[in-house]
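Asker: Below are the structure tokens for one structure; questions will follow.
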Ligand SMILES: [Zn+2]
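Okay, structure coming up:
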């Protein structure tokens with residue numbers, strides 16, 4: 100557990116360095132994306148228990164509907180769930196299947212009812228720029244359609260954006276993703292947060308915040324440039340993919356374990372470029 104400020108603590112999972120943020124306020128007790136493995140979730144539970152007093156509203160904030168971010172929800176039934184009002188039920192359904200696959204493949208013992216994770220019941224469907232107590236929420240789609248960020252005092256929590264561990268994961272939309280990077284940049288300029296918390300890996304402070312934004316832009320620009328060149332030169336998909344796989348991110352080759360995500364990004368960008376040209380050349384694989 101890492102102490103960020105007086106009221107903010109971060110628990111980091113061994114899987115994907117997923118961060119669960121705990122915020123203890125006078126009137127609110129908040130957990131963001133509550134953990135992954137049962138033992139890790141139990142540690143968060145026992146940490147927050149002394150602070151669960153009647154004067155505090157208990158909130159679970161979910162930054163988006165990916166499986167690692169929703170796995171801990173059923174362990175906190177007393178907490179009111181906060182999601183974006185764009186919550187993507189189809190994506191959540193895929194996430195639940197993925198979680199079931201993971202749990203049954205690796206024999207992870209979770210006390211799901213009838214072996215199934217229930218759907219999330221949202222109590223607060225927040226709109227873009229809506230506030231709830233000291234928290235302000237912002238819709239930041241692109242990673243998923245339902246991704247959201249929020250500010251709290253001098254912190255900005257941006258979900259799965261701007262992690263130091265990974266290049267952008269553009270699961271939903273390139274244009275939304277690019278717009279979200281602009282929205283986050285504006286928020287950083289307006290709010291001047293001292294700390295930016297990504298949901299995977301260490302936080303960023305000071306100039307590192309802008310360095311991460313620049314890295315995300317550079318990665319996307321490079322893939323877009325490759326796709327544009329491929330169109331002009333009539334590259335095949337496999338030729339373009341081979342070139343994409345030889346790219347570097349932050350001075351290092353694309354890690355083996357992230358190549359499938361890199362390929363999916365390329366496919367998303369390829370699809371959006373061809374769509375804009377009214378062509379239907381989306382590759383099969
Ligand atoms: Zn995610």
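In the numbering used here, the protein residues as written are 100 to 384. Think of the CB as a built atom: it goes at the ideal place given N, C-alpha and C, for glycine as much as any other residue. None of these values were measured; they are calculated from a predicted model.
Which whole runs of the beta strand (DSSP E) in the stretch 285-371 are 3 residues long or more, in chain order?
Answerer: Counting whole runs of 3 or more residues, the stretch 285-371 contains the beta strand (DSSP E) stretches 294-296.
Asker: Compute the Euclidean distance between the alpha carbons of residue 378 and residue 146, then round it to the nearest angstrom.
Answerer: With a pLDDT of only 46 at residue 378, under the threshold of 50, the placement of this residue in the model should not be trusted, and no figure is reported.
Asker: Please write down, chain order preserved, every residue whose beta carbon lies under 5 Å from a heavy atom of ligand 1.
Answerer: 165 and 259
Asker: So is residue 299 buried or exposed if we call it buried at 16+ other beta carbons inside 10 Å?
Answerer: buried
Asker: Excluding sequence positions up to five away, which residues of its chain have a Cβ less than 6 Å from the Cβ of residue 111?
Answerer: 118
Asker: Here's a check: name, in chain order, each residue in its chain whose Cβ is nearer than 7 Å to the Cβ of residue 322, leaving out the five neighbours to either side.
Answerer: Annotation for residue 322: 343, 364, 365 and 368 place their beta carbon closer than 7 Å to its own, counting only its chain and skipping 5 residues before and after.
Asker: To which residues of the same chain is residue 155 closer than 7 Å at the C-beta, ignoring the five residues directly before and after it?
Answerer: 126, 127 and 128
Asker: Any idea what DSSP makes of residue 166, helix, strand or coil?
Answerer: Helix.
Asker: Taking the straight line between their C-alpha atoms, what separation do you get for residue 297 and residue 329?
Answerer: Between residue 297 and residue 329, the C-alpha separation is close to 33 Å.
Asker: Measuring CB atoms only, is the stretch 216-226 touching the stretch 171-185, in the sense that at least three cross pairs come out at less than 8 Å?
Answerer: yes
Asker: Considering residue 271, what are the terminal residues of the beta strand (DSSP E) in which it resides?
Answerer: Here residue 271 belongs to no beta strand (DSSP E), and DSSP marks it neither H nor E.
Asker: Report the residue from 324, 142 and 172 whose alpha carbon sits nearest the alpha carbon of residue 132.
Answerer: 172
Asker: When DSSP labels each residue in this structure, what does residue 281 get in the three-state scheme?
Answerer: helix
Asker: Within 10 angstroms of its Cβ, does residue 291 collect 16 or more other Cβ (buried), or is it exposed?
Answerer: exposed
Asker: With a Cβ-Cβ cutoff of 7 Å, do residue 228 and residue 250 count as a contact?
Answerer: no
Asker: Along the alpha helix (DSSP H) that carries residue 142, what are the first and last residues, could you check?
Answerer: 137-147
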